[in-house]
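Going down the list, the protein sequences come from chains A and B.
Heads up: the first sequence begins at 13 in the working numbering, then just goes up one per residue.
Heads up: the second sequence begins at 13 in the working numbering, then just goes up one per residue.
For every residue, glycine included, the Cβ atom is placed at its ideal position computed from N, Cα and C.
Protein chains: 2
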Amino acid sequence: MTMRGVSLAGLNCPVARTLDSVGERWTLLILRDAFNGVRRFEDFAARIPIARNVLAGRLRTLVANGIFVRERYQDHPPRYSYRLTPAGMELYPVIVALMQWGNRHRMADAPELLEVRHKECGHQAEAAVLCSGCGERLTAREVRAGYVPASVATDAPASEA
Amino acid sequence: MTMRGVSLAGLNCPVARTLDSVGERWTLLILRDAFNGVRRFEDFAARIPIARNVLAGRLRTLVANGIFVRERYQDHPPRYSYRLTPAGMELYPVIVALMQWGNRHRMADAPELLEVRHKECGHQAEAAVLCSGCGERLTAREVRAGYVPASVATDAPASEA
């Protein structure tokens with residue numbers, strides 16, 4: 013069995029199925045830039061060190077997966093921009109969580125850290141796992157995970173979206 | 013320039029550097045299982061549909077990157093288990109954020125959803141971006157991002173870890 017022989021989308025797991033849409037190498041960097049306001053192909057190309065045809069393929073996949081919408085912003089010659097859909101916007105905690113971990117554990121030699129701040133009050137944003145009931149910050153030790161029938165998953169995130 | 017010609021670790025970005033450690037296909041599924049209590053090679057192999065040599069390579073990389081520690085739990089024949097380090101444990105928001113998005117957007121046809129609940133109060137865990145000052149839930153529209161010198165990043169996540 014080869015790595016490419018198995019589809020992540022076929023696994024009955026929400027983590028695997030999300031990775032099937034965004035887990036390709038470089039795709040999460042495209043999303044990082046989209047959350048930072050980048051929309052045009054040329055601007056993505058200037059920020060992400062991959063071949064243009066690879067970038068074009070990743071953008072097509074993101075559109076096909078309902079994470080970006082493509083819009084023509086110029087007719088002659090035709091030029092397109094890519095904007096996050098509402099579903100795409102909901103990937104924001106993934107990106108901030110990756111950023112936060114990198115700031116903590118991979119930027120020791122970097123002269124600068126990437127900061128994300130709340131515009132309104134100026135404090136730093138953070139990615140966290142919270143209890144939707146009591147609001148407590150949770151580690152993996154404080155939870156239990158399991159599959160439940162969709163019909164009884166009454167306070168599943170899906171119903172809160 | 014080929015895709016593989018560029019190292020994510022060489023980019024001066026915490027998202028890219030995190031992906032350099034965990035962005036390989038299947039690696040985040042290995043972490044998913046680790047957060048679910050899986051430790052032994054055979055147990056990872058039973059849950060993740062990849063070749064054993066690929067799994068072994070991913071586990072080695074996770075150890076080399078300081079995300080897992082390897083421990084021998086049996087001598088004859090030698091058998092190893094893999095446990096999350098404190099740094100590895102801090103990847104939990106990444107996994108829950110991926111899970112949450114998948115539950116919301118990729119499990120419509122699934123009879124079951126994966127739920128993570130706070131042991132103590134029984135309510136569902138959620139991944140969110142929060143303001144560390146006022147506690148508000150933040151979307152990408154409510155923040156501004158930018159690089160700041162490490163020396164002045166006084167409330168950067170690094171200093172809170």
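If you check each beta-carbon in the stretch 114–138 of chain A against every beta-carbon of chain B, the ones closer than 8 Å belong to G114, N115, R116, H117, R118, M119, A122, P123, E124, L125, L126, E127, V128, R129, H130, K131, E132, C133, G134, H135, Q136, A137, E138. Taking 8 Å as the upper bound for CB-CB distance, L103 (chain A) and V34 (chain A) are in contact here, some 7 Å apart.
Annotation for N48 (chain A): no residue places its beta carbon closer than 7 Å to its own, counting only its chain and skipping 5 residues before and after.
Take V75 (chain B), set aside five residues on each side of it, and the residues of its chain with a beta-carbon closer than 6 Å to its own are R82, in chain order. Non-local beta-carbon contacts of E54 (chain B) in its own chain, meaning distances under 6 Å to residues more than five positions away in sequence, are absent.
A68 (chain A): member of the alpha helix (DSSP H) spanning 64–76, first to last residue.
Apart from the 5 residues on each side of it in sequence, D32 (chain B) sits with its Cβ closer than 6 Å to the Cβ of L20, A21 in its chain, given in chain order. From the beta-carbon of G158 (chain A), the residues of chain B found nearer than 7 Å are E127. Restricting attention to A:P26, A:D45, A:R52, the CA atom closest to the CA of R44 (chain B) is found in A:P26. The C-beta separation of V160 (chain B) from L125 (chain A) comes to about 6 Å, placing the pair in contact by the 8 Å criterion. Contact with chain B is absent for F56 (chain A), since none of that chain's Cβ atoms lies less than 8 Å from the residue's Cβ. At a cut-off of 8 Å between C-beta atoms, V50 (chain B) does not count as an interface residue with respect to chain A. Per DSSP, the unbroken alpha helix (DSSP H) holding E54 (chain B) starts and ends at 53–59.
Residue environment for P89 (chain A): exposed (fewer than 16 other C-beta atoms within 10 angstroms of its C-beta).
Counted as a single uninterrupted DSSP element, the alpha helix (DSSP H) harbouring A28 (chain A) occupies residues 26–34.
L142 (chain B) and R149 (chain B) do touch by the CB rule: their CB atoms are close to 6 Å apart, below 8 Å. In the DSSP assignment, H117 (chain B) falls within the alpha helix (DSSP H) that extends over 104–117. Runs of the alpha helix (DSSP H) lying entirely within the stretch 120–170 of chain B, each at least 4 residues long, are absent. Contact between T30 (chain B) and L110 (chain A) is confirmed by a C-beta separation of about 5 Å, below the 8 Å threshold.
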